[in-house]
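The opening residue of the sequence shown carries number 1 in UniProt numbering; numbering runs sequentially from there. Take a look at the structure below.
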Amino acid sequence: MRVTHATVVDGGVCTVRLAGDVDMSEVESVTAWLRAAIDTSGCEVVEVDLSDTRFLDSMGIAGLVRADAYAREQGIRLRCVNVQPWVRRVFQVAGVADHLDLS
1 MRVTHATVVD
11 GGVCTVRLAG
21 DVDMSEVESV
31 TAWLRAAIDT
41 SGCEVVEVDL
51 SDTRFLDSMG
61 IAGLVRADAY
71 AREQGIRLRC
81 VNVQPWVRRV
91 FQVAGVADHL
101 DLS
């Protein structure tokens with residue numbers, strides 16, 4: 001299943017909701033969407049809503065880590081929200097759960 005997104009800006013919070021499979025075939029699109037959200041004027045926080053994420057592979061994780069690094073460079077906070085238990089476990093196994101802001 002391809003990944004889709006919806007972006008909503010509410011005050012200083014920009015939420016990017018990802019739906020589908022975040023994998024190596026989709027990581028470039030996901031990274032571009034997140035960078036665009038980070039670059040949105042007035043956004044202080046970018047939330048990555050993972051409630052509809054069905055699959056996440058190592059390339060998807062790497063894309064989120066790169067987006068987080070880019071956000072930090074821009075002085076923006078990136079946090080993952082609505083993280084399903086299986087996604088949290090994938091982050092833990094990959095060793096990035098302590099690096100990413102998982103709400």
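From the three backbone atoms N, C-alpha and C, an ideal C-beta is built for every residue, glycine too. Predicted model only: the values in this text are computed from it and were never measured.
Problem set entry | Burial state of E44, where buried means 16 or more other Cβ atoms lie within 10 Å | Answer is exposed; the Cβ neighbour count stays below 16.
For this session: Buried or exposed for T53, please, with buried defined as at least 16 other CB atoms from any protein chain shown within 10 angstroms of its CB.
Result: By the Cβ-count criterion, T53 is buried, with 16 or more other Cβ atoms from all chains shown falling within 10 Å of its own Cβ.
Problem set entry | Inter-stretch contact at 8 Å, needing at least 3 Cβ pairs: the stretch 77–85 / the stretch 18–32 | Flag = no, the stretch 77–85 and the stretch 18–32 do not touch.
For this session: Using the Cα positions of R2 and L56, report the straight-line distance between them to the nearest angstrom.
Result: Cα to Cα, the separation comes out at about 12 Å.
Exercise. Helix, strand or coil: which one does DSSP assign to G63?
Worked result: Reduced to three states, the DSSP call for G63 is helix.
Exercise. Just curious, the beta strand (DSSP E) that R77 is in, first and last residue?
Worked result: Looking at the DSSP string, the run of the beta strand (DSSP E) that includes R77 is R77 to V81.
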